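Student: Please see the structure below; I have some questions.
Below you can see the structure in the form of structure tokens.
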């Protein structure tokens with residue numbers, strides 16, 4: 015197994031996350047979500063190359079983290095076809111909202 019700080023293999027990343035989880039599970043979970051988000055962006059090339067390069071540079075140079083949040087608990091992942099369960103129906107007096115939303119903070 016190569017010992018490279020620049021390009022660790024998947025096994026080394028898993029070991030690092032396991033070690034983090036022993037100390038703080040939420041830190042390991044946050045890192046896992048960050049790595050999954052960055053990996054998906056790199057794999058799908060969904061963002062313009064300059065934007066992705068800027069985000070990756072901020073991760074390396076400033077310790078930036080990236081993640082995603084969904085405000086509808088039943089939504090699942092929109093990237094895999096999830097649809098919001100919250101609905102808005104026009105009624106005579108305005109709108110009738112059904113469902114629930116979660117709030118997220120930065």
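In this note's numbering, the protein residues as written are 15 to 120. Note that CB positions come from ideal geometry on N, CA and C, so glycine has one too. These figures come from a predicted structure and were not determined experimentally.
Does the pairing of the stretch 73-80 with the stretch 98-117 give three or more beta-carbon distances under 8 Å?
Tutor: Not touching, per the Cβ criterion.
Student: What's the gap between the Cα of residue 38 and the Cα of residue 72?
Tutor: Within the chain shown, numbered from 1, the residue matching residue 38 stands at position 24. Within the chain shown, numbered from 1, the residue matching residue 72 stands at position 58. Distance between the alpha carbons of residue 38 and residue 72: 24 Å.
Student: Using the C-alpha atoms, what's the distance from residue 41 back to residue 59?
Tutor: Residue numbering aside, residue 59 sits at position 45 when the chain shown is read from its first letter. Residue numbering aside, residue 41 sits at position 27 when the chain shown is read from its first letter. Cα to Cα, the separation comes out at about 27 Å.
Student: With a Cβ-Cβ cutoff of 9 Å, do residue 49 and residue 27 count as a contact?
Tutor: Residue mapping note: residue 49 aligns to position 35 of the chain shown, counting from 1. Residue mapping note: residue 27 aligns to position 13 of the chain shown, counting from 1. Against a cut-off of 9 Å, the Cβ pair of residue 27 and residue 49 comes out as a contact.
Student: May I ask you to report which of helix, strand or coil DSSP gives residue 79?
Tutor: Here residue 79 refers to the residue found at position 65 when the chain shown is read from its first residue. Three-state result, residue 79: coil.
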